[in-house]
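First the structure, in the form of structure tokens, and then the observations on it.
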Amino acid sequence: MADFKQQSRLLAIDTPLGDDVFLLTRLAGEESVSALFGIEIEAYSLRKDITPAEIVGQNVTLKIAATDESALFLPDSYRYINGYIKSFRQEGRQLQDLRGYSAVVVPWLWFLTQTSDCKIFQFKNIQEIATAIFEENGFTDFQFRLVGQHPARDYCVQYKESDFNFISRLFEEEGLYYYFAHEAGKHTLIISDHIGGYDESDEQSITYAAGSLTQHTIHNWYHSFQFMTGRYSKRDYDFKKPSNRLQTSAAADMVVPGVGKYEHFIYPGRYEDKTHGDQLTRLRVEADEAAHDVITGEGGCRSFSAGHTFVLERHDDAPEELGEYVLLSVSHKAQDYSYTSNDEQDKEYSNEFRCISSETIYRPPQTTGWPRMQGPQNAIVVGPEGEEIYTDEYGRVKVQFPWDRYGAYNENSSCWVRVTHSWAGKNWGNIYLPRIGQEVIVDFMDGDPDRPIITGRVYNAEQMPPYELPANKTQSGTLTRSTKGGTASNANALRFEDKKGEEEVWLHAEKDQRIEVENDESHWVGHDRVKEIDHDETVFVHHDRTETVDNNEKILIRNNRMHTTGIAEIKTVGMVRVHTVGVNETNTIGAAQENTVGVARTSTIGESDTLNVGKSLKINVGETIEIACGKSLIKLDSEGNIFINGVKLSITGEKHVQIEGKRVDIN
1 MADFKQQSRL LAIDTPLGDD VFLLTRLAGE ESVSALFGIE IEAYSLRKDI
51 TPAEIVGQNV TLKIAATDES ALFLPDSYRY INGYIKSFRQ EGRQLQDLRG
101 YSAVVVPWLW FLTQTSDCKI FQFKNIQEIA TAIFEENGFT DFQFRLVGQH
151 PARDYCVQYK ESDFNFISRL FEEEGLYYYF AHEAGKHTLI ISDHIGGYDE
201 SDEQSITYAA GSLTQHTIHN WYHSFQFMTG RYSKRDYDFK KPSNRLQTSA
251 AADMVVPGVG KYEHFIYPGR YEDKTHGDQL TRLRVEADEA AHDVITGEGG
301 CRSFSAGHTF VLERHDDAPE ELGEYVLLSV SHKAQDYSYT SNDEQDKEYS
351 NEFRCISSET IYRPPQTTGW PRMQGPQNAI VVGPEGEEIY TDEYGRVKVQ
401 FPWDRYGAYN ENSSCWVRVT HSWAGKNWGN IYLPRIGQEV IVDFMDGDPD
451 RPIITGRVYN AEQMPPYELP ANKTQSGTLT RSTKGGTASN ANALRFEDKK
501 GEEEVWLHAE KDQRIEVEND ESHWVGHDRV KEIDHDETVF VHHDRTETVD
551 NNEKILIRNN RMHTTGIAEI KTVGMVRVHT VGVNETNTIG AAQENTVGVA
601 RTSTIGESDT LNVGKSLKIN VGETIEIACG KSLIKLDSEG NIFINGVKLS
651 ITGEKHVQIE GKRVDIN
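Residues 1 to 667, numbered by the UniProt record's numbering, are exactly what the sequence shown covers, in order.
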């Protein structure tokens, strides 16, 4: 039996356990563009005690000899497949004192299927998002080859999905494909978005030879055409430009009769401007076109690897097939049992492959599921430190979701989130902005985690209802809070009490209250009304005012009162009027005064009465006038009689006293 050495074998493997610990006997697996490869291997070892702890998760390099000529078995004459041991099994069989083992080799990207998270990315493009995820998982062997425009995403959510699924769906949405470039000891993830993003195969020029099983040739070549949809159309909505119809459409370039009448319509299109929408719609068409015209084949070209190009330089049966192609998938099969059989015929390699013209841009189909929110979620309203209300011109707020482990409960925790209101018109409606610290209910448009919208608010143990419950279960209403720095005693309020027999509407203005009525206003009070004003009251009535009191009215003015009437004033007292002035009263009439007393008038003056008339005084009495002072009396009647009675009567004329009459009686 030959030495237990890997040298000069078709298959070999480099592991951390040493050069010749394993002899690789079988290799089978597939590598594809925009997919994880998985290579199953079988090997013998002289060691019977290899444990999974020694090998699982370790980096290994599979080596396939580039040619059967043993002279070329040099370090640079291998086709490498580098990866990590995902699973390892002890086969248990014993063959010539050898132990059998099997394993599965995967790329480093596979480890991202073993992680899941809920995370928010803001203002990052696809390259920045993917780079962050790769590096957080400890991987740096990747390379971006991008030429297209990939705008930053304002808000992008990874929700309950593996890191791999998350970046896969983003790659698919933006038309990015990827593949792996292998070398001894490492493999590099290549991510590209254009035709020139591929690598060349080591075997660049290939010949088709029907039925041939020789190396470096293709012996089966099948060209297939698939009927695909002829058009994609998308539509979306941007609330910042609600009148814009964000409709896009793209037609396929494939020449197949009848495809033009078949269309896929997609809503929402996941874009906010038409230019970006046109780009995304075109990507969907290009993904179908890549699947429309496909070649499958079989051969022995060991350098074939997904994402690499080759040139078909000879095809005797179909010369029109000549040209450059890019490999989309390669399925490898290889075995080398020469150690146990000593037969070189037990070495063989073959592959099956799928390729398209290198002039056709490859876009991965959108097969990775997009996470769908199963229902509303709760969140806490957040904002900058020191603020109590944080909003933008649209009344949007920021929130922190309970599942977001990375948010800092500040203005960077989420995108701006729109808030529903019971009425929303063009500069009219109602608005109640959620405030920082309040708990809200967040729903998602079309279940998309990237499109949250606040639909409600709820109380919690730290944000309790405004009225103590259940003691005040009959009360409802609105209680606000003054900001900034308001306490429980600083609020505007409107409260309804519905307890039977104690019904009440309570309105409280923390500072000012302004009521505007553009036409009529009416008030009806079924019983009493009390109005208390702690400071001043001013009433302006720009036209007429009528006030009616059906019973009594009492007005108490504890200090001064000023009453001014611009033109005329009429007062009517139906029966009795009592006018009392505690000290002095002054009446000033600018022109004339007229007093009319229907029956009788009595004036009582405590001490003295003075009447000053500037020119004349005229008193008209219908029957009699009496002026009495103690025992003195002057009386005038309507008959012309004048009576003067007194104990002593004195008439003095400084110059002249004249008495005239038809008859004069003295004594």
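Even glycine gets a Cβ: it sits at the ideal position worked out from N, Cα and C. For clarity, every value in this text was computed on a predicted model and none was experimentally measured.
- A distance below 8 Å separates the beta carbons of R169 and T368.
- Here Q247 is near R235, since their CB atoms are less than 8 Å apart.
- Rounded to whole angstroms, the gap between the alpha carbons of I195 and R284 is 16 Å.
- With a threshold of 16 other beta carbon atoms within 10 Å, Q438 meets it and is buried.
- Put simply, of R270, E161, V255, N472 the residue whose alpha carbon is nearest the alpha carbon of R153 is R270.
- F164: not part of any beta strand (DSSP E); member of the alpha helix (DSSP H) spanning 163 to 173, first to last residue.
- If you ignore the 5 residues before and after Y159, its C-beta comes within less than 6 Å of the C-beta of C118, P371, P449, all in its own chain and listed in chain order.
- CA-CA distance, A103 to T360, rounds to 36 Å.
- In summary, K63 is buried, with 16 or more beta-carbon neighbours lying within 10 Å of its beta-carbon over all protein chains present.
- A direct Cα-Cα distance of roughly 26 Å separates L10 from V326.
- For G175 and P364, the gap between their C-alpha atoms comes out near 6 Å.
- Sixteen is the threshold: since fewer than 16 other Cβ atoms of the shown chains lie within 10 Å of the Cβ of G646, the residue is exposed.
- Spanning the alpha carbons of V60 and H187 requires a straight line of approximately 10 Å.
- The bridge partners DSSP lists for V104 are E40, S87.
- Counting only residues of its own chain and dropping the five nearest sequence neighbours on each side, V399 has a CB closer than 8 Å to the CB of A379, I380, V381, V382, S413, S414, V417, V440, V442, P452, I454.
- Within 10 angstroms of the beta-carbon of G323 lie fewer than 16 other beta-carbons, which makes it exposed.
- By the criterion of at least three beta-carbon pairs nearer than 8 Å, the stretch 196 to 208 is in contact with the stretch 303 to 315.
- Between the alpha carbons of E623 and E607 lies a gap of roughly 28 Å.
- The three-state secondary structure of T113, taken from DSSP, is helix.
- Rounded to whole angstroms, the gap between the alpha carbons of I642 and V664 is 14 Å.
- For S338, the enclosing alpha helix (DSSP H) begins and ends at 338 to 341.
- In this structure, Y177 keeps its C-beta atom at 8 Å or more from the C-beta atom of Y44.
- Per DSSP, the continuous alpha helix (DSSP H) segment holding E128 begins and ends at 126 to 136.
- Using a Cβ distance threshold of 8 Å, T483 and L494 do not count as a contacting pair.
- Within the same chain, G395, H421 come within 7 Å of I431 by CB-CB distance, once the 5 residues on both sides are set aside.
- Excluding residues up to 5 positions away in sequence, K119, I120 lie with their Cβ nearer than 8 Å to the Cβ of Y406 in the same chain.
- The three-state secondary structure of A12, taken from DSSP, is strand.
- Taking G258 as the centre and dropping the five residues before and after it, the same chain places no C-beta closer than 6 Å to its C-beta.
- It is roughly 13 Å from the alpha-carbon of L312 to the alpha-carbon of E298.
- Of the residues Q127, G83, R99, I126, the one whose Cα lies closest to the Cα of A181 is G83.
- The criterion of a C-beta distance shorter than 8 Å is not satisfied by L189 and D253.
- Assignment of Q143 by DSSP, reduced to helix, strand and coil, places it in the strand class.
- The alpha carbon of I557 has as its nearest neighbour, out of G582, T565, I567, M575, the alpha carbon of G582.
- Boundaries of the beta strand (DSSP E) harbouring E203: 199 to 208, taken from the DSSP string.
- Secondary structure at H563: coil, using DSSP grouped into helix, strand and coil.
- In this structure, the alpha-carbon of T596 lies about 14 Å from that of R577.
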